[in-house]
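Engineer:
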Amino acid sequence: MALVLGGAGMGDAKKPRSTLRAHLEANANDGTAFSTQIRSGITGKNVVIEKVPTISEQDVVAFYPYQAPDGSYGVLFQLNDHGKLALDTLSVERRGRFLYVFVNGRPAAELQVDRRVSDGKLYVESGLTAADVALMKKEWRLIGERKKRG
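What follows is the structure in structure tokens.
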């Protein structure tokens, strides 16, 4: 769901305040160089995911939080062109597989890829905290707001 390449001056790079990582379900036979086994934070089952996330916080341009019925928060992430293409590609090529979404290092969603997603929007239904949303506000603009000048 992106890799950052860098060299000299990498220590000066801005560290993200909020993280988003979306990893595709992997084949258990892919080997430990490409995949890793985790215990799902949602279902409790052991699953194998790709080590490199398909989408990361670097692909997010804006978000829209809302309060879920259970009192937690859900978020709609709007992705940049790279993230939009990655989401579209995986939604076509990996139909039927699962996408495991982590926010700030915690499991946030397990989404089964059941249709093409070409609008560049990634949805986490619930389970996030007010602190998660506060961190996101430091990182990205709200959907509908103008771009921050800087």
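Going letter by letter, the sequence shown gives residues 4 to 153 in my numbering.
Even glycine gets a Cβ: it sits at the ideal position worked out from N, Cα and C.
All values derive from a computational prediction rather than experimental measurement.
For the alpha helix (DSSP H) holding Ala111, just list the boundary residues, first then last.
Structural biologist: Position 108 of the sequence shown, counted from the first residue, corresponds to residue 111. Looking at the DSSP string, Ala111 is not in any alpha helix (DSSP H); the run it does join, the beta strand (DSSP E), is 109 to 115.
Engineer: Excluding the five sequence neighbours on either side, which residues of its own chain have a C-beta within less than 6 angstroms of the C-beta of Thr22, listed in chain order?
Structural biologist: Working through the sequence shown from its first residue, we reach residue 22 at position 19. For Thr22, where only same-chain residues beyond five positions count, the Cβ hits under 6 angstroms are Glu60, Asn107.
Engineer: I need the boundaries of the alpha helix (DSSP H) containing Ala25, first residue and last residue.
Structural biologist: Here residue 25 is taken as the residue at index 22 of the sequence shown, counted from 1. That residue, Ala25, is in no alpha helix (DSSP H); its beta strand (DSSP E) goes 23 to 27.
Engineer: In this structure, how does DSSP classify Lys54 when only helix, strand and coil are distinguished?
Structural biologist: Here the question's residue 54 lines up with position 51 in the sequence shown. Correct three-state label for Lys54: coil.
Engineer: Determine contact between the stretch 48 to 65 and the stretch 87 to 94, defined as no fewer than three beta-carbon pairs at a distance below 8 angstroms.
Structural biologist: With a cut-off of 8 angstroms, the stretch 87 to 94 and the stretch 48 to 65 count as touching, because enough Cβ pairs lie within range.
Engineer: Between which residues of its own chain and Ala71 is the CB-CB distance below 8 angstroms, once the five residues before and five after are set aside?
Structural biologist: For the purposes of this step, residue 71 is taken as the residue at position 68 of the sequence shown. Closer than 8 angstroms at the Cβ level, and outside the excluded window around Ala71, lie Gly77, Glu128, Ser129, Gly130.
Engineer: Buried or exposed for Gly154, going by 16 or more other Cβ atoms inside 10 Å?
Structural biologist: The requested residue 154 is not part of the displayed model; the chain covers only 4 to 153.
Engineer: How would you write the range of the alpha helix (DSSP H) that Thr132 sits in, first residue to last?
Structural biologist: In the sequence shown, counting from the first residue as 1, residue 132 sits at position 129. Here Thr132 belongs to no alpha helix (DSSP H), and DSSP marks it neither H nor E.
Engineer: Please work out which residues of its chain come closer than 6 angstroms, Cβ to Cβ, to Ala25, disregarding the five sequence neighbours upstream and downstream, and give them in chain order.
Structural biologist: Indexing the sequence shown from 1 puts residue 25 at position 22. Answer for Ala25: Met4, Pro56, Thr57, Ile58, Leu102, Val104, listed in chain order.
Engineer: Could you round the C-beta distance between Val124 and Leu79 to whole angstroms and report it? I think they count as a contact, below 8 angstroms.
Structural biologist: Here residue 124 refers to the residue found at position 121 when the sequence shown is read from its first residue. Here residue 79 refers to the residue found at position 76 when the sequence shown is read from its first residue. Note on identity: in this sequence residue 124 is Lys, with Val being the wrong assignment. Lys124 to Leu79, Cβ: 6 angstroms. Contact.
Engineer: With a threshold of 16 other CB atoms inside 10 Å of the CB of Asp135, please say whether the residue is buried or exposed.
Structural biologist: Taking the sequence shown and counting its residues from 1, one reaches residue 135 at position 132. So Asp135 ends up on the buried side.
Engineer: Gln40 and Asn49 - do their beta-carbons sit closer together than 9 angstroms?
Structural biologist: Here residue 49 refers to the residue found at position 46 when the sequence shown is read from its first residue. Here residue 40 refers to the residue found at position 37 when the sequence shown is read from its first residue. Yes, the Cβ-Cβ distance between Asn49 and Gln40 is below 9 angstroms.
Engineer: Whole angstroms is fine: what's the gap from Glu113's alpha carbon to Ile45's?
Structural biologist: Numbered from its first residue, the sequence shown carries residue 113 at position 110. Numbered from its first residue, the sequence shown carries residue 45 at position 42. Glu113 and Ile45: Cα-Cα distance of roughly 7 angstroms.
Engineer: Exposed or buried, what is Val95 when buried is set at 16 or more other beta-carbons lying within 10 Å of its beta-carbon?
Structural biologist: Along the sequence shown, read from residue 1 onward, the residue named residue 95 stands at position 92. That one is exposed.
Engineer: Please determine, among Arg119, Ala137, Gly99, the residue with the shortest C-alpha to C-alpha distance to Ala29.
Structural biologist: Position 26 of the sequence shown, counted from the start, is the residue given in the question as residue 29. It is Gly99.
Engineer: Could you tell me the distance, in whole angstroms, from the CA atom of Ser38 to the CA atom of Val120?
Structural biologist: Numbered from its first residue, the sequence shown carries residue 38 at position 35. Numbered from its first residue, the sequence shown carries residue 120 at position 117. One C-alpha to the other measures close to 24 angstroms.
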